[in-house]
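First comes the structure, then the notes that go with it.
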Amino acid sequence: AGVAVIVELAAVLMENPDLPHGPVRILFTCDEEIGRGVDHVDIAKVGAVACYTLDGAGADDVDVETFSADQATVTVRGANIHPSIAKDRMVNALRAAGMFLDRLPRHELSPETTADRQGFIHPYHVEGGVAEATIKLILRDFDTAELAVHAERLRSLAKEVETASPGIRIDVATRPQYRNLGDGLAQEPRAVAYAVEAHQRLGREAKRTIVRGGTDGSLLTERGLPTPNLSTGQHNPHSPLEWACLDEMVLAARVLVQLVQVWCETSSD
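Quick note on this note's numbering: the sequence shown kicks off at 319 and runs consecutively.
The following block contains the structure:
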């Protein structure tokens, strides 16, 4: 949906050469869904003061915050031996991994029990055997400082399981993924203000929204290129019932046409 909206903007600008606008850079990337979409983007070569991703939901949304995100890898190590002689010798990493998972919060701090600005700890992949098992988790929060709190909770649970399971060793490692879009948008307030103005010129009221996920804009903003996220008319993302609304896609393209004019008329950059 986002690609179609962007290409429609390009078509409108090419078909209407008298339509006022400044330099417009269009950038298509892959691997956004695995957090690698802008790994090789040269910010200096792009040469922009602001950017917009087209990866948003319903009409009129202007995403001004995203989660901050870390990934955690929990490695559980036991000791394997043939089951026939395992008494008092085998230490099953799978059982310890199950104990760890069972101790994770269920009624709070999980995706299925949180909403709005609440963060979570989400185990999404488990693999392994008796000798070693690995649990992959994602840590999410709008308050970046809370990620360290979530990580410390995992380490505390790991110690509990080690105490309850003699012979088990558990390592918890975390790595950054992206940071809250809102942390960096203040560098260039025009990015959001002009998007709001573009909606107003169409008689629409933009909604400053938060997204319980991340965008390429989160990473671009962190690297110094403020990048709000705009609507593409998508709904139920990442589900079997994902769909896009054609009318909202048309509106999204109209918003972009207005947006390039706002930048041209009100900015000297």
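Heads up, the beta-carbon is just placed ideally off N, CA and C, and yes, glycines get one too.
What separation, rounded to the nearest whole angstrom, lies between the Cα atoms of residue 543 and residue 337?
Their Cα atoms are separated by approximately 26 Å.
With burial defined as no fewer than 16 other Cβ atoms inside 10 Å of the residue's Cβ, what is the status of residue 561: buried or exposed?
exposed
Under three-state DSSP, which class holds residue 438?
When DSSP states are grouped into helix, strand and coil, residue 438 belongs to the strand group.
Would you call residue 364 buried or exposed, if buried means 16 or more other Cβ atoms sit within 10 Å of its Cβ?
Exposed: under 16 other Cβ atoms inside 10 Å.
Between residue 341 and residue 375, what straight-line distance do the alpha-carbon atoms span, to the nearest angstrom?
C-alpha of residue 341 to C-alpha of residue 375: approximately 27 Å in a straight line.
Of the residues 465, 355, 387, which one's Cα is nearest the Cα of residue 529?
387
Can you tell me the Cα-Cα spacing of residue 552 and residue 570, whole angstroms?
11 Å
Of the choices 323, 392, 578, whose alpha-carbon is the least far from that of residue 442?
392
Can you find the residues in the same chain that come closer than 8 Å, C-beta to C-beta, to residue 462, ignoring five residues on each side of it along the sequence?
386, 497, 498, 501
Measure the C-alpha to C-alpha separation of residue 541 and residue 503 and round it to an integer number of angstroms.
So the alpha carbons of these two residues sit roughly 11 Å apart.
Assign residue 405 to one of three DSSP states: helix, strand, or coil.
coil
How long is the line joining the alpha carbons of residue 563 and residue 428, rounded to whole angstroms?
30 Å
On the DSSP bridge list, what partners appear for residue 392?
453, 490
Would you identify the three-state DSSP class for residue 495, choosing helix, strand or coil?
Residue state for residue 495 is assigned as strand, using DSSP reduced to three classes.
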